[in-house]
Ligand SMILES: C[S@@+](CC[C@H](N)C(=O)[O-])C[C@H]1O[C@@H](n2cnc3c(N)ncnc32)[C@H](O)[C@@H]1O
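Residue numbers (the working numbering): 760 to 976.
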C-alpha cells in the first residue's frame with residue numbers, strides 16, 4: 760500500500776484550507792466566535808461545508824442530527840436545500856435554547872425541530888425515515904452497548920441511499936490507542952460502519968475525521 764506518511768494537517772495547512780473557504784455571513788461568523796469562546800465542540804466550517812455538500816449531493820430532505828449544541832452544524836445542513844428539514848436532539852437545555860435562537864435568527868427555525876431529549880431514548884420511539892443521519896455525540900455514550908444500539912437504530916431509520924455521517928471519527932488520533940470511553944466509542948462506531956456490508960463507506964481525515972457511509976439501495 761502506498762503510504763502518505765507526513766501529510767498530516769498542520770496548523771499552516773489548516774490556515775491554507777481556511778483561505779479556501781467561502782466567507783460566512785455575519786450570524787454564522789458570530790456563532791463561530793461564540794462556540795470558540797465558550798468551548799462548545801461544534802464541527803467548524805470545514806466539516807460544516809462538507810455536511811452541506813453531502814446533504815445537497817444526496818438530495819437530503821429529511822435529516823436527523825444527534826447533538827445540536829448551539830445549532831452550527833444544523834445551520835449548514837439546513838442550508839443545503841430550502842426543502843430540507845431537520846430533527847435535531849440536544850440534552851442540554853441551555854444549549855438547546857441558544858440553538859433555537861440562532862436557528863431563528865438565521866431564518867431556519869421553521870425547518871428545524873429541536874428536541875430536548877436523550878438521543879437514544881428518542882431513536883427508540885422514532886418511526887420517521889431519514890435521508891441523512893448525522894451523529895455528533897459519539898464521544899458522549901457511556902458504554903459500547905449504547906454505541907451498538909445507536910448504530911442499529913440509526914440504520915433502521917435510514918432510507919436506502921441515505922447517508923450515515925459521524926464526526927470526530929479519528930478522535931485526535933486516539934483511535935490508535937483508545938483509552939477513554941469516548942475513544943473506544945469511536946473505534947467501535949468506525950468498525951461497525953466498516954464491517955457492515957449494507958454500507959459503502961469512507962473515513963475522511965478532515966479536521967478530527969468524518970465517517971461517511973451510504974446505505975446501499
Ligand atoms: C459535539 S456537540 C454537537 C455539536 C454540533 N453538532 C455542532 O457541530 O454545532 C454534542 C452535543 O450533544 C449533546 N449530547 C450529549 N449526549 C447527548 C444525548 N445522549 N442526547 C442528546 N444530546 C446529547 C451535548 O450536550 C452536546 O451539546
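We put the CB at the ideal spot given by N, CA and C, even for glycine.
Subject >> DSSP bridge partner residues for residue 914 (one or two, in chain order) >> reply: Per DSSP, none; premise fails for residue 914.
Subject >> Check whether residue 859 and residue 828 have beta carbons under 7 Å apart >> reply: no
Original post:
Alpha carbon to alpha carbon, what distance is there between residue 889 and residue 958?
Top reply: 15 Å
**OP:** List the DSSP bridge partners of residue 954.
**Re:** Paired residues: none, contrary to the question.
**OP:** Just the C-alpha distance for residue 862 and residue 924, rounded to the nearest angstrom, thanks.
**Re:** 21 Å
Subject >> residue 919 and residue 967 closer than 7 Å at C-beta >> reply: no
**OP:** Kindly indicate which three-state DSSP category residue 827 falls into: helix, strand or coil?
**Re:** coil
**OP:** Just confirm the distance between the C-beta atoms of residue 815 and residue 839, as a whole number of angstroms; I'd bet it's less than 8 Å.
**Re:** 4 Å
Original post:
Could you give the distance in angstroms between the alpha-carbon of residue 866 and the alpha-carbon of residue 849?
Top reply: 20 Å
Subject >> Short Cβ contact (7 Å threshold) for residue 882 with residue 929 >> reply: no
Original post:
Hey, how far is the Cα of residue 939 from the Cα of residue 820?
Top reply: 36 Å
Subject >> residue 874 in three-state terms, based on DSSP >> reply: strand
Original post:
Taking contact to mean at least 3 C-beta pairs separated by less than 8 Å, is the stretch 942-949 in contact with the stretch 896-905?
Top reply: yes
Subject >> Through-space distance from residue 798 to residue 875, alpha-carbon basis >> reply: 21 Å
**OP:** Grab me the residues of residue 835's own chain with a C-beta within less than 6 Å of its C-beta, minus the 5 sequence neighbours each way, in chain order.
**Re:** 807, 810 and 811
**OP:** Using beta-carbon positions only, say whether residue 922 and residue 973 come within less than 7 Å of one another.
**Re:** yes
Original post:
With respect to 6 Å, is the separation between the Cβ of residue 889 and the closest non-hydrogen atom of ligand 2 below this value?
Top reply: Absence of ligand 2 is noted for the structure shown, with ligand 1 being the only ligands found.
**OP:** Just grab the DSSP bridge partners of residue 973 for me.
**Re:** 922 and 959
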